[in-house]
């Protein structure tokens, strides 16, 4: 019975992580789609789907896909520009002494060592921070994508609401990127402390 509960907990925690990381960020993107629909298309999309309760699961799936898409696009942009490394080395130089301590494969190997040593310790300290980093990273990607889409729509026709949402989204994206870097560093600090236990 304990084994069954343990397996159910693993499935639930994986599902919760997927919802937290991808569905929420996809939902933010979907809200922006409805805002654009409202401002530019007189709620055409909203009117077409309103009242269809069976679409709830389709919306959840669409949110998940949008969250995955935002993450993929963001990962490509950051890998191409290396903005995250620039932030880590320039802006946070005093806080991050060695970038290699938390961005390379040593971190993954250290995580595996801690997991083998004490699974509860790993899930309490390491896994929680990893989930928080991924969630913040995905929120940053979603808000960046919102600002890009909104600025593209501003070239079509100016609307003050879209400009405000685009600028605020760009600011929020930047904040979540910085927070994800801080969480990544805290995770690396915890890994180095737990290794010595």
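Numbering (our numbering), first residue to last: 190 to 386. Glycine is no exception: its CB is placed at the ideal position from the N, C-alpha and C atoms.
- Excluding the 5 residues flanking it on each side, residue 332 has same chain C-beta neighbours closer than 6 Å at 358, 361, 362, in chain order.
- For residue 330, the enclosing alpha helix (DSSP H) starts and ends at 317-345.
- The criterion of a C-beta distance shorter than 8 Å is satisfied by residue 218 and residue 255.
- Put simply, the segment 240-256 touches the segment 208-215. At least three CB pairs are less than 8 Å apart.
- Within 10 angstroms of the beta-carbon of residue 237 lie fewer than 16 other beta-carbons, which makes it exposed.
- Sequence-distant partners of residue 323 (beyond 5 residues in either direction) whose C-beta falls short of 7 Å from its own C-beta, in its chain, are 210.
- For residue 266, the uninterrupted alpha helix (DSSP H) segment begins and ends at 244-270.
- Contact check for residue 221 against residue 335 passes: the beta carbons are separated by less than 8 Å.
- The C-alpha of residue 318 lies about 15 Å from the C-alpha of residue 207.
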